[in-house]
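Student:
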Amino acid sequence: MRPIPRSLRFRALLPLLGLVTVLLPGCTQGGLTSANNPDPEGAVRLALATNPPDLDPILISDTTSSGVGSKLFNTLLGYDAELNLVPELATAMPQVSDDGRTYTFELRAGVKFHNGREMTAEDFKYSLERLASGRSKRTNVVRPILGAEKAIEAGRTAGSTAIEGIRVLGPLTLEIELEKPYYPFLHLLSMENAAVIPREAVEATGDGFSRQPVGTGPFVLSEWKENERLVLTANPDYFEGAPTIPRITMRVIKEAITRNEEYKAGNIDMVDITQGVLPQWRASDHSDEIRLYDQASILYYGFNLEKEGSPYAGFGDKARMLREAINRAVDREFICERIVDGRHSPINGIFPPGMPGHSDRAAFTQDVERAKQLLADAGYPGGEGLPPVDLWFNTQGDNGKIAAAIQNDLRAIGIEIVLKGLDWAAFIEATDRGEPAFFRLGWVADYPDPENFLYFLFHSANKGPNGNVSFYGNPEVDALIDQSYLETDAEKRLGLLRQAEEKILADWPWLFLTSAREGMLVKPYIRNFNPTPIDDDSAGGSQVDWREVRVVPETASE
Amino acid sequence: MLTYVLRRLLGVIPVVLLVTLIVFTMNANIPGDPGRIRLGQRADPAQVEAFNFKRGYLDPFLVQYVRYLGFAPSRIYADHATFDEVAGEETAREAQALLSRDGVTLSELEGFAEAHDLGVTEFRGRGLLYASRFRGVLQGDLGESDVKAGKRVGELLGTSFLVTVRLALGSILIAMLLGVGAGILSAVRSRTWIDYSSMVLAIIGVSMPVFWLGILMIMFVAPPLGLPRSGLDDSSLLQTIRHLALPCTALGLISSATIARLTRSAMLDVLSQDFVRTAKAKGLRPRVVILRHALRNASIPIVTVVGNSFGYLLVGAVLTESVFALNGLGSQIVESIVQRDKMVITGGILIMSLIFVSVNLLVDLSYGLFDPRVRHGRG
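Line by line, the protein sequences give chains A and U. Going by my numbering, the first residue of the first sequence is number 1, and it counts up by one from there. Going by my numbering, the first residue of the second sequence is number 1001, and it counts up by one from there.
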């Protein structure tokens, strides 16, 4: 056996020693940081799962970009905590003409862009007309305006995107005339896409505006290292007063495990709760920091009401009774508590909790006896003579488990369903074609208005791919929805939509299931962070009033 | 020597041409319409077509390819950000005004184009003004991202390349120190516990998935050492080293395993040769025998594998980058593939192939340094 040369023994250790000395300063600097120490300067630190693709208002079309954009920009209208429309850059809700087609907005005076210039009605006209240009991803926002179609057509070939229906009546007065009365237009105006931006900044940077956006919002984008981090600094000139926190930093961390570890280490102040990890968080030291909040969404199993040969189709009494029997047979509590760890709650109708229009009637519950009775009344006692039906669903997440639970519940009253799982692309193609008789789907509100649920999911004009994949068609419901567009009084309008909801519920067109809840962990020293049902868990939401968010370090209790 | 390097550099040209041609062919045939990707699923089809027209995606495949290389003028339309750069601000403003006028005729546009050295083309019944300029890969321009509005591909890839270079250098350093060290030790003391244990460790290293090692390090190594768990702060050299310590170690450990195994077998080969015995018989110190005589003779395969590992580290550290939230070249390209950002995919793969070609060239050149018997330039 050859001995290792003495000198070699020592030399082999040298590089290791060097490495350790390099690392040592780190030990003294950050080694003892407690997991509950906020940023020393009071900034809020977030993690993004993706780099925001675009921050130009006309290009924003995903939740991350809209979350970041909402802190940089302002719109004419916004929402209060109950998701009612309220003025933002307008001084009041707009004056509406008698025919319901023309809105007149008075704008706030003295609102400054991040470049220091004061905002005027001309800026709004410019910003809205940009939405018609060939580069815009969101032409649908201006489409209801008079003359918009012509502008969009011209915009494709670099022509003028001036829109006839947008008129500047004074330095701070803006008039918008629509093609026909369409109340939800006010919701379109409150999306980040309709934010006001200064023309000179766009002209100076061109396409690059998306990388260095300028708005009027409470924060200014001061740094953006693509795929790495964004820094938003408080805007000292914000028209409602500067935010309390000096800045928001957002680090792009794609891996969920890494985000969780950074949260545990106290390096970020909030983290989204990814699927399946809620029980682990509940069992951890961080259980007090879990925040679940209603999301304006619903999960349902739809019946195709025009499917030939399906006993569940049509508006006959028997079919209606069958659909009700299925609704009575399912144990929604079990799904919510046991399958999705409390991240869903049973619904009581079409409008999810936290949304305007949500009613206070009791949630749908299981009633096996009533279900059996209905089944017998429909002519299938104990399910005898009822052919099995395929349930189509996309196989993401917990969908398969939920389907199996429902299959069990239905088997208990004698109804046989066959599970048919597909990938999303294939599934949605089949439902758009109207192929399945019974299928799983969901809907997340585009804007917090009951109309967004009723029109797309139940109006006969939208049968098929537009959203009404149940092929529901009820002239009375259509009439109520159509009438709501003409109604300018918010209360009366809501009344009409609620009436429509009642009529739909009586037809049992769906198996009404649950509404989802978003989950986040938020450090205890972050105060006044109150997400609404239309806030996503990324980028600190888009409706949260970040001007009010505070960092309050806890005083040492020992 | 010089002629050898020149010849090898000339050899890069067909490689680049072939790589871009292959990537272009693939890009042209994978599903995913650039206009639809940029403008969104619900976009108006006419608008999508207009976008594709202006970006040149409606042109025949070969025209696109030749333009990408920089042999054909690319067109920049009047509503495009770089138009005023090429046409001049004054002309750009006049062009916009003209196009925005209702009922402007094609002949009017032609007159304007002639006077201002612009081009005119027709799209869906309307005239379009454009400026043109030569650019493309051969001018060092990789174009603009299809997905990230206003972002140059070169800038995107350049930033992440810098991250990757630092990560790869650190990792290969650790891999070499550990791998060559462990390999020599195992060879010198072959069939002892040192040999067996380092080779068992090497097998674990070869088979351990790097992202798993990364997660373990974030959870169990970072906290006691007080090291950052993820991200990169390059405000100072010390911060850079602290942030890259864990990812470099994770990657380095994995690569060191292969290097250790190879070093061991190469060293064992050499150690059993006559000249080693002679050297020992001459009474040379063991350190000199091992490091100067044996290691130098065993170096060619070691350098080759180190060079290859370095190449792979430069392009293939995607998982490590993702776990440690680093914006490296690998994850940038993976992201662009997911988003079907064709310009970034093409540029990225082009850069990757250039990296491989240059690393290979450097490895070949370094042979002469380690083994004087290798000579370039003759024969």
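Glycine included, each C-beta is placed from N, C-alpha and C at the ideal position.
Residues of chain U with a CB under 9 Å from the CB of proline 53 of chain A: which are they?
Tutor: In the first sequence, residue 53 of chain A corresponds to position 53, counting from 1. Those within 9 Å of proline 53 of chain A in chain U are Val1147, Lys1148, Ala1149 and Gln1339.
Student: If leucine 1319 of chain U and alanine 1168 of chain U are in contact, beta carbons under 8 Å, what's the gap, nearest whole angstrom?
Tutor: As a working mapping, residue 1319 of chain U is identified with position 319 in the second sequence. As a working mapping, residue 1168 of chain U is identified with position 168 in the second sequence. Not confirmed; about 14 Å, so no contact.
Student: When you compare only the Cα positions, how much space is there between arginine 1075 of chain U and glutamate 1110 of chain U?
Tutor: For the purposes of this step, residue 1075 of chain U is taken as residue 75 along the second sequence, with counting starting at 1. For the purposes of this step, residue 1110 of chain U is taken as residue 110 along the second sequence, with counting starting at 1. Each residue's Cα considered, the two are about 16 Å apart.
Student: Below 8 Å CB to CB, which residues in the same chain sit around serine 160 of chain A once its five sequence neighbours on both sides are set aside?
Tutor: As a first step, residue 160 of chain A is located in the first sequence; it is residue number 160 there, counting from the start. Around serine 160 of chain A: Ala151 and Ala154.
Student: When DSSP labels each residue in this structure, what does alanine 539 of chain A get in the three-state scheme?
Tutor: As a first step, residue 539 of chain A is located in the first sequence; it is residue number 539 there, counting from the start. Three-state result, alanine 539 of chain A: coil.
Student: Measure the C-alpha to C-alpha separation of tyrosine 1196 of chain U and serine 1186 of chain U and round it to an integer number of angstroms.
Tutor: The sequence position of residue 1196 of chain U within the second sequence is 196, counting from 1. The sequence position of residue 1186 of chain U within the second sequence is 186, counting from 1. If I take the Cα positions, the gap works out to 8 Å.
Student: With distances taken between CB atoms, is the gap from glutamate 192 of chain A to asparagine 51 of chain A smaller than 8 Å?
Tutor: Taking the first sequence and counting its residues from 1, the one referred to as residue 192 of chain A is at position 192. Taking the first sequence and counting its residues from 1, the one referred to as residue 51 of chain A is at position 51. No. Outside cutoff.
Student: For threonine 577 of chain A, count the other beta carbons within 10 Å of its own beta carbon; 16 or more makes it buried, fewer makes it exposed. Which is it?
Tutor: No statement about residue 577 of chain A is possible, as the shown extent of chain A runs from 1 to 558 and does not include it.
Student: Can you check whether the CB of proline 57 of chain A is closer than 8 Å to the CB of alanine 195 of chain A?
Tutor: Taking the first residue of the first sequence as 1, we reach residue 195 of chain A at position 195. Taking the first residue of the first sequence as 1, we reach residue 57 of chain A at position 57. Contact: yes.
Student: Kindly indicate which residue of A/Arg547, A/Pro448, A/Arg527 and A/Thr532 has the alpha-carbon position closest to the one of proline 553 of chain A.
Tutor: Working through the first sequence from its first residue, we reach residue 553 of chain A at position 553. Here the closest residue by C-alpha is A/Arg527.
Student: Mind checking whether valine 220 of chain A and asparagine 235 of chain A have CB atoms under 8 Å apart?
Tutor: The sequence position of residue 220 of chain A within the first sequence is 220, counting from 1. The sequence position of residue 235 of chain A within the first sequence is 235, counting from 1. Contact flag set, yes.
Student: Could you pull the DSSP bridge partners for asparagine 468 of chain A from this structure?
Tutor: Translated into positions along the first sequence, residue 468 of chain A becomes position 468. Paired residues: A/Lys463.
Student: From the DSSP output, read off the bridge partner residues of tryptophan 508 of chain A.
Tutor: Indexing the first sequence from 1 puts residue 508 of chain A at position 508. According to DSSP, tryptophan 508 of chain A bridges with nothing at all.
Student: What are the boundary residues of the beta strand (DSSP E) that histidine 344 of chain A is part of?
Tutor: For this step, residue 344 of chain A is matched to residue 344 along the first sequence. It spans 344 to 346 - the beta strand (DSSP E) in which histidine 344 of chain A sits, taken as one unbroken run.
Student: Name the chain U residues that come within less than 8 Å of leucine 48 of chain A, Cβ to Cβ?
Tutor: The count along the first sequence starts at 1 and reaches residue 48 of chain A at position 48. The contacting residues do not exist; leucine 48 of chain A stays about 10 Å from chain U at best.
Student: Based on DSSP bridge pairs, tell me the residues matched to proline 87 of chain A.
Tutor: Mapped onto the first sequence, residue 87 of chain A falls at position 87. Paired residues: A/Leu77.
Student: Is DSSP giving arginine 550 of chain A helix, strand or coil here?
Tutor: Position 550 of the first sequence, counted from the start, is the residue given in the question as residue 550 of chain A. In this structure, arginine 550 of chain A counts as strand in the three-state DSSP scheme.
Student: Phenylalanine 315 of chain A to phenylalanine 1123 of chain U, Cα distance in whole Å?
Tutor: As a position in the first sequence, residue 315 of chain A is number 315, starting the count at 1. As a position in the second sequence, residue 1123 of chain U is number 123, starting the count at 1. Rounded to the nearest angstrom, the two C-alpha atoms are 50 Å apart.
Student: Which runs of the beta strand (DSSP E) spanning at least 3 residues fall entirely within the segment 359 to 434 of chain A, listed in chain order?
Tutor: Complete beta strand (DSSP E) runs here, min 3: 389 to 394 and 417 to 422.
Student: On the CB-based measure, 16 or more other CB atoms within 10 Å of its CB, does glycine 31 of chain A come out buried or exposed?
Tutor: The residue you call residue 31 of chain A lines up with position 31 of the first sequence. With a pLDDT of 37 at glycine 31 of chain A, under the threshold of 50, the predicted position of this residue should be treated as unreliable, though the coordinate-derived value follows. With fewer than 16 other Cβ atoms within 10 Å, it is exposed.
Student: As a quick exercise: from A/Ser210, A/Asp123, A/Thr102 and A/Ile428, pick the residue whose alpha carbon is nearest that of glutamate 175 of chain A.
Tutor: Counting from 1 along the first sequence, the entry for residue 175 of chain A is found at position 175. The shortest C-alpha separation from glutamate 175 of chain A is found at A/Thr102.
Student: Comparing C-alpha positions only, which one of A/Phe364, A/Met520, A/Ala329 and A/Arg143 sits nearest to arginine 370 of chain A?
Tutor: Taking the first sequence and counting its residues from 1, the one referred to as residue 370 of chain A is at position 370. If we check each option's Cα against that of arginine 370 of chain A, A/Ala329 comes out closest.
Student: Which residues mark the beginning and the end of the alpha helix (DSSP H) in which methionine 1219 of chain U is found?
Tutor: Taking the first residue of the second sequence as 1, we reach residue 1219 of chain U at position 219. Methionine 1219 of chain U -> no alpha helix (DSSP H), and no H or E assigned at all.
Student: Find the nearest neighbour of tyrosine 1367 of chain U within the set U/Gly1307, U/Ser1353 and U/Lys1280, judged by alpha-carbon distance.
Tutor: Stepping through the second sequence from its first residue, residue 1367 of chain U is reached at position 367. Looking at the Cα atoms, U/Gly1307 is the closest of the given residues.
Student: Can you list the alpha helix (DSSP H) stretches of 4 or more residues lying completely in the segment 1083 to 1161 of chain U, in chain order?
Tutor: The qualifying runs are 1083 to 1087, 1089 to 1100 and 1106 to 1116.
Student: Around the C-beta of isoleucine 1013 of chain U, are 16 or more other C-beta atoms found within 10 angstroms, so that it is buried, or is it exposed?
Tutor: Taking the second sequence and counting its residues from 1, the one referred to as residue 1013 of chain U is at position 13. Exposed is the call here.
Student: Count Cβ pairs between the segment 336 to 343 of chain A and the segment 477 to 492 of chain A that sit closer than 8 Å; are there 3 or more?
Tutor: The answer is no - the segment 477 to 492 of chain A does not touch the segment 336 to 343 of chain A, with fewer than three Cβ pairs under 8 Å.
Student: In the structure shown, what three-state DSSP assignment does isoleucine 253 of chain A receive?
Tutor: Taking the first residue of the first sequence as 1, we reach residue 253 of chain A at position 253. Here isoleucine 253 of chain A sits in coil by DSSP.
Student: Determine whether the beta carbon atoms of glycine 1328 of chain U and serine 1171 of chain U lie at a separation below 8 Å.
Tutor: Walking along the second sequence from the start, residue 1328 of chain U turns up at place 328. Walking along the second sequence from the start, residue 1171 of chain U turns up at place 171. Cβ atoms of glycine 1328 of chain U and serine 1171 of chain U: not closer than 8 Å.
Student: For the segment 1156 to 1173 of chain U, which residues have a beta carbon sitting closer than 8 Å to at least one beta carbon of chain A?
Tutor: Taking 8 Å as the Cβ-Cβ cut-off against chain A, the residues of the segment 1156 to 1173 of chain U that qualify are Leu1156, Thr1159 and Ser1160.
Student: Taking a contact to mean a Cβ-Cβ separation below 8 Å, would you say alanine 325 of chain A touches leucine 391 of chain A in this structure?
Tutor: Mapped onto the first sequence, residue 325 of chain A falls at position 325. Mapped onto the first sequence, residue 391 of chain A falls at position 391. No, the pair does not count as a contact, with Cβ atoms beyond the cut-off.
Student: What residue range does the alpha helix (DSSP H) around glycine 1348 of chain U cover?
Tutor: Reading the second sequence from its first residue, position 348 is the one you call residue 1348 of chain U. Start and end: 1342 to 1370.
Student: By the criterion of Cβ-Cβ separation under 8 Å, what are the contact partners of leucine 1329 of chain U in chain A?
Tutor: Indexing the second sequence from 1 puts residue 1329 of chain U at position 329. Result: empty, since nearest Cβ-Cβ is about 11 Å, beyond 8 Å.
Student: With the cut-off set at 8 Å, would you say valine 1063 of chain U and alanine 1072 of chain U are in Cβ contact?
Tutor: In the second sequence, counting from the first residue as 1, residue 1063 of chain U sits at position 63. In the second sequence, counting from the first residue as 1, residue 1072 of chain U sits at position 72. Closer than 8 Å, so yes.
Student: So proline 352 of chain A and isoleucine 402 of chain A are supposed to be a Cβ contact under 8 Å. How far apart are they, rounded?
Tutor: Indexing the first sequence from 1 puts residue 352 of chain A at position 352. Indexing the first sequence from 1 puts residue 402 of chain A at position 402. Not a contact, Cβ separation roughly 17 Å.
Student: I want to verify the contact list: residues of chain A whose CB lies under 8 Å from the CB of glutamine 1459 of chain U, in sequence order.
Tutor: The requested residue 1459 of chain U is not part of the displayed model; chain U covers only 1001 to 1379.
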